[in-house]
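Chemist: One structure is given below, represented as structure tokens, and several questions about it will come after.
Right under this line is the structure:
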């Protein structure tokens, strides 16, 4: 029997860093999910689950989370990503929204993706994210840095 592939942190980072190619990349699949009629509600539920008790998705958007808390959300996203299926979408959302929030609110880049690859993903997500979330992504895109 074939063993399923394992996903260590380096492999997850490489896969997430694939950005928009190919069409079925995690980022593109997330963009498709956010485009659905229930995309905003799904994103709110998803982020609430990753944040856990005591925090709301608004805390992520508004800068109420510490850099350490954003690192935890990013890590939780990577852990969910490894599970595949719907969890992959949940993990991808947590990862990219935590990275954007860290950059906007703490001027800290908490991922290893090259900035051009990250920007390509954020640009795609801006196109489909609910307006209150696209603002965070746009803010991250407008900041200069690594």
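Residue numbers (the numbering used here): 71 to 216.
C-beta: ideal position from N, C-alpha, C; glycine also.
The structure displayed is predicted, hence computed values, not measured ones.
For residue 155 and residue 189, I'd like the C-alpha separation in whole angstroms.
Modeler: Each residue's Cα considered, the two are about 25 Å apart.
Chemist: Are the Cβ atoms of residue 172 and residue 207 separated by less than 8 Å?
Modeler: Against a cut-off of 8 Å, the Cβ pair of residue 207 and residue 172 comes out as no contact.
Chemist: Can you list, in chain order, the residues of its chain whose CB lies under 7 Å from that of residue 105, leaving out five sequence neighbours each side?
Modeler: So the list reads 198, once near-sequence residues are dropped.
Chemist: Where does residue 211 sit, in a helix, a strand or coil, going by DSSP?
Modeler: Three-state result, residue 211: helix.
Chemist: Please go through the same chain and pick out, in chain order, the residues whose beta-carbon is closer than 8 Å to the beta-carbon of residue 134, but skip the five residues on each side of it.
Modeler: 125 and 128, listed in sequence order.
Chemist: Would you please state the rounded distance, in angstroms, between the beta carbons of residue 112 and residue 103? I believe it to be under 8 Å.
Modeler: That belief holds up - the Cβ atoms of residue 112 and residue 103 are roughly 7 Å apart, short of 8 Å.
Chemist: When burial is assigned at 16 or more other CB atoms within 10 Å of the CB, is residue 194 buried or exposed?
Modeler: With 16 or more other Cβ atoms within 10 Å, it is buried.
Chemist: Of the residues 181, 95, 96 and 110, which one's Cα is nearest the Cα of residue 203?
Modeler: Selected option, being the one with the closest Cα: 110.
Chemist: How many whole angstroms separate the CB atoms of residue 137 and residue 130, which I take to be in contact at a CB cut-off of 8 Å?
Modeler: Rounded, the Cβ-Cβ distance is 12 Å, inconsistent with contact.
Chemist: Please check the pair residue 150 and residue 160, which I expect to be a contact at CB under 8 Å, by giving their CB distance rounded to whole angstroms.
Modeler: Residue 150 to residue 160, Cβ: 5 Å. Contact.
Chemist: Under 6 Å Cβ to Cβ from residue 168, same chain only, skipping five residues before and after it: list those, please.
Modeler: Counting only Cβ-Cβ distances below 6 Å, and skipping sequence neighbours, we find 140, 143 and 144.
Chemist: Look up residue 168 in the DSSP assignment and say whether it is helix, strand or coil.
Modeler: Three-state DSSP puts residue 168 in a helix.
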